[in-house]
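J.: Residue numbers (our numbering), protein chains in the order written: chain A, 1 to 91; chain B, 1001 to 1483.
Okay, here's the thing in structure tokens:
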């Protein structure tokens, strides 16, 4: 089971994978842009990010589920991850 | 002496290793992480070696054959071959214990020791496959893990620059870590960090955990270092620190010299050892190439500073290259923020020519996304089949996408950084060649705000991995340009 709620877990993962200061990640809103807005977030980083999300939240993300929409904003990524966590571990 | 790059006689030929060898009886082999995790963890491992040195322990960290600075052919590698190489390194160095880092646990020799966050081969392949699928999708190709793995059974796979022959791929898919007690340091996983990074607290904790388990044993006679005429290790003093560098030399006296300034906190071998491979190709064309780790990066000592503050590192490396190759034209090459660093300090550079690829113009991490980058992003989205399908099935809000595209189409304002770079470059008297990758946001953003001549490869990504021949041709032209 995940150690913490998806929101704080996802913020922690973004800070760890992108090397961003925790204060900056704490300030992310649902509208904060990710892929296309954060120069740190290229395909390699997205791959690392998704794999770390899988490992820490104990979920499996299929490659064909990943599209530009999910990575567009923090809110979109959180919604996707939260749905996955609930589907895998129950609400 | 402290940390040094050495050449050791591996079973298949001369191989490179990072060593701290004072001839002491407590000796540790470090089997590094694999693929991108290796470059992300390099600085961390070098720091652990320095801390073990202070604790009286000698250590050796071999390059994985075919990767990093290794001159071995990546397509000739197998998991069993890697295991044999690491076992031979342990014998040559007289190691009494092993520390395996991540995928290093798959190929660690039979010695007592520990494994830092060991991972199965399949788990290491997953992010590689995923990154390849994502970048292929950006390029309009549809690959899946299944199609890639199926193709990889009969032909070499190129996973974002890592070349995996069928035998290596098959071996990795089933490889499991050797049963060594696992270490969990509890901090942020540096092997997942997008840019190589460091964590002194974790390094200290790891060194303290490892040191008691390194036994006292016999010190073998020092092996005779094989001569590698075409690739040499250099150390370059820079203020109070030492830069680790690699010099690739032609078989005959060079007709020109190139200092390759590495961007970001990437190590000098480059992503997937592309820089090491391209340097060898340039050397074969008569160009001597020097690559260095700047301070606080890779094998070099010191603390990493922002790219705009790398003046002393670049000056020291240029001086070392002049000394190594006197009397021939010397060009400096930089991609991304390394290009920006060269532009900012162009007036003070002792180089004869500059080659600048995809210069980085993003002012600060909090700056709004540059319109040009957004334009490329949305063009890609509209071009990709799956995006069109999502539009047709109503999954994309067409209005908001169009609004973003409209906002992005206004004239690109130049950032302060871009202005400073232009001013810096104006003070440079030699020839300058600017290379732009058509599929790179950084390059596209620069191009939008630049009025001078640029050379564009439309299908290349950030490091021109898709267009190596074009890149070589451009560099050869640039080093021969006269001011």
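Even glycine gets a Cβ: it sits at the ideal position worked out from N, Cα and C. Please read all numbers here as calculations on a predicted model, not as lab measurements.
Mapping the DSSP letters down to three states, classify residue 1059 of chain B as helix, strand or coil.
T.: In the structure shown, residue 1059 of chain B sits in a strand (DSSP, three-state: E or B).
J.: What ranges does the beta strand (DSSP E) occupy inside the stretch 1250 to 1302 of chain B, keeping only unbroken runs of at least 3 residues that lie completely in it?
T.: Counting only runs of 3 or more, we get 1256 to 1261, 1287 to 1292.
J.: When the Cα of residue 1256 of chain B is compared with those of B/1263, B/1248, B/1452, which residue comes out closest?
T.: The candidate whose alpha carbon is nearest that of residue 1256 of chain B is B/1248.
J.: How would you call residue 84 of chain A, buried or exposed, if buried means at least 16 neighbouring beta carbons within 10 angstroms?
T.: Per the 10 Å Cβ criterion, buried.
J.: To which residues of the same chain is residue 1215 of chain B closer than 6 Å at the C-beta, ignoring the five residues directly before and after it?
T.: Closer than 6 Å at Cβ, skipping near neighbours: 1096.
J.: With the cut-off set at 8 Å, would you say residue 1109 of chain B and residue 1101 of chain B are in Cβ contact?
T.: No; because the gap between Cβ atoms is not below 8 Å, this pair is not in contact.
J.: Closer than 8 Å, Cβ to any Cβ of chain A: which residues of the stretch 1164 to 1198 of chain B, in chain order?
T.: Within the stretch 1164 to 1198 of chain B, the residues whose Cβ lies closer than 8 Å to some Cβ of chain A are 1188, 1189, 1192, 1193, 1194, 1195, 1197, listed in chain order.
J.: Of all Cβ atoms in chain A, is any one closer than 8 Å to the Cβ of residue 1338 of chain B?
T.: Not one chain A Cβ lies under 8 Å of residue 1338 of chain B.
J.: I need the DSSP call for residue 1344 of chain B, collapsed to helix, strand or coil.
T.: In this structure, residue 1344 of chain B counts as helix in the three-state DSSP scheme.
J.: Can you have a look at residue 1313 of chain B and say buried or exposed, based on whether 16 or more other CB atoms are within 10 angstroms of its CB?
T.: Under this definition residue 1313 of chain B is a buried residue.
J.: Measure the alpha-carbon distance for residue 1157 of chain B versus residue 1145 of chain B and round it to whole angstroms.
T.: One C-alpha to the other measures close to 12 Å.
J.: Can at least three beta-carbon pairs, one atom from the stretch 1291 to 1304 of chain B and one from the stretch 1324 to 1331 of chain B, be found at a separation below 8 Å?
T.: No contact exists between the stretch 1291 to 1304 of chain B and the stretch 1324 to 1331 of chain B.
J.: For residue 1111 of chain B, collect the residues of the same chain with a Cβ closer than 8 Å to its Cβ; drop the 5 residues on either side in sequence, then sort them by chain order.
T.: Contacts found: 1029, 1090, 1095, 1096, 1097, 1098.
J.: Where residue 26 of chain A and residue 1416 of chain B are concerned, what is the direct C-alpha to C-alpha distance, given to the nearest angstrom?
T.: So the two alpha carbons sit approximately 28 Å from each other.
J.: Residues of the stretch 1299 to 1311 of chain B with a CB closer than 8 Å to any CB of chain A: list them in chain order, please.
T.: Within the stretch 1299 to 1311 of chain B, no residue qualifies.
J.: Check whether chain A comes within 8 Å of residue 1134 of chain B, counting only Cβ atoms and requiring the distance to be less than that.
T.: Yes, contact with chain A.
J.: Tell whether a beta-carbon distance below 8 Å holds between residue 1033 of chain B and residue 1161 of chain B.
T.: Not in contact: residue 1033 of chain B and residue 1161 of chain B (Cβ atoms no closer than 8 Å).
J.: If you drop the 5 nearest sequence neighbours on each side, which residues of the same chain put their C-beta closer than 6 Å to that of residue 1443 of chain B?
T.: Within the same chain, residue 1443 of chain B has close Cβ partners 1358, 1436, 1437.
J.: Is the Cβ-Cβ distance between residue 1451 of chain B and residue 1353 of chain B less than 8 Å?
T.: The answer is no: Cβ separation not under 8 Å.
J.: Given 8 Å as the limit, is there contact between the stretch 64 to 80 of chain A and the stretch 32 to 48 of chain A, that is, 3 or more CB pairs closer than that?
T.: Taking 8 Å as the limit for Cβ pairs, the verdict is that the stretch 32 to 48 of chain A does touch the stretch 64 to 80 of chain A.
J.: Since residue 1003 of chain B contacts residue 1046 of chain B with CB under 8 Å, what's their CB separation in whole angstroms?
T.: Correct: roughly 6 Å between the Cβ atoms.
J.: Using beta carbons (cut-off 8 Å, strictly below), is residue 1150 of chain B in contact with chain A?
T.: It does not; no Cβ of chain A falls within 8 Å.
J.: Could you please give me the residues that DSSP links to residue 1418 of chain B through a beta bridge?
T.: In DSSP, residue 1418 of chain B forms no bridge with anything.
J.: Cα separation between residue 1069 of chain B and residue 1190 of chain B?
T.: Taking the straight line joining both Cα atoms gives about 21 Å.
J.: With 8 Å as the threshold, decide whether the Cβ of residue 1160 of chain B is near any Cβ in chain A.
T.: So, interface residue.
J.: Taking 8 Å as the cut-off, decide whether the C-beta atoms of residue 1454 of chain B and residue 1334 of chain B are in contact.
T.: Contact: no.
J.: Please name the residues in the stretch 1026 to 1056 of chain B whose beta-carbon is closer than 8 Å to at least one beta-carbon of chain A, in chain order.
T.: Result list: 1036.
J.: Determine the DSSP secondary structure at residue 1470 of chain B, reduced to helix, strand or coil.
T.: Residue 1470 of chain B falls in the helix class under three-state DSSP.
J.: Cβ of residue 1305 of chain B within 7 Å of any heavy atom in the ligand MG?
T.: Ligands displayed in this structure: none; no statement on the ligand MG is therefore possible.
J.: How many Å lie between residue 1377 of chain B and residue 63 of chain A at the Cα?
T.: Reliability of the predicted coordinates at residue 1377 of chain B is poor, the pLDDT of 42 falling under 50, and the value obtained from them is presented with this limitation in mind. Roughly 20 Å separates the two Cα atoms.
J.: Please list, in chain order, all residues of the same chain as residue 1083 of chain B whose beta carbon is under 6 Å from its beta carbon, the five residues on each side excluded.
T.: Only 1107 meet the Cβ criterion.
J.: If we cut at 8 Å on Cβ distances, does residue 1262 of chain B have a partner in chain A?
T.: Cβ-Cβ to chain A under 8 Å: no for residue 1262 of chain B.
J.: With DSSP as the reference, label residue 1454 of chain B as helix, strand or coil.
T.: Three-state DSSP puts residue 1454 of chain B in coil, outside helix and strand.
J.: If the cut is a Cβ gap below 7 Å, which residues of chain A does residue 1126 of chain B touch?
T.: Near residue 1126 of chain B (Cβ distances below 7 Å), the residues of chain A are 51.
J.: So, does the stretch 1052 to 1067 of chain B touch the stretch 1121 to 1140 of chain B, judging by three or more C-beta pairs under 8 Å?
T.: The answer is no - the stretch 1121 to 1140 of chain B does not touch the stretch 1052 to 1067 of chain B, with fewer than three Cβ pairs under 8 Å.
J.: At 4 residues or longer, what runs of the alpha helix (DSSP H) sit wholly inside the stretch 1129 to 1153 of chain B?
T.: 1145 to 1151, all fully within the stretch 1129 to 1153 of chain B.
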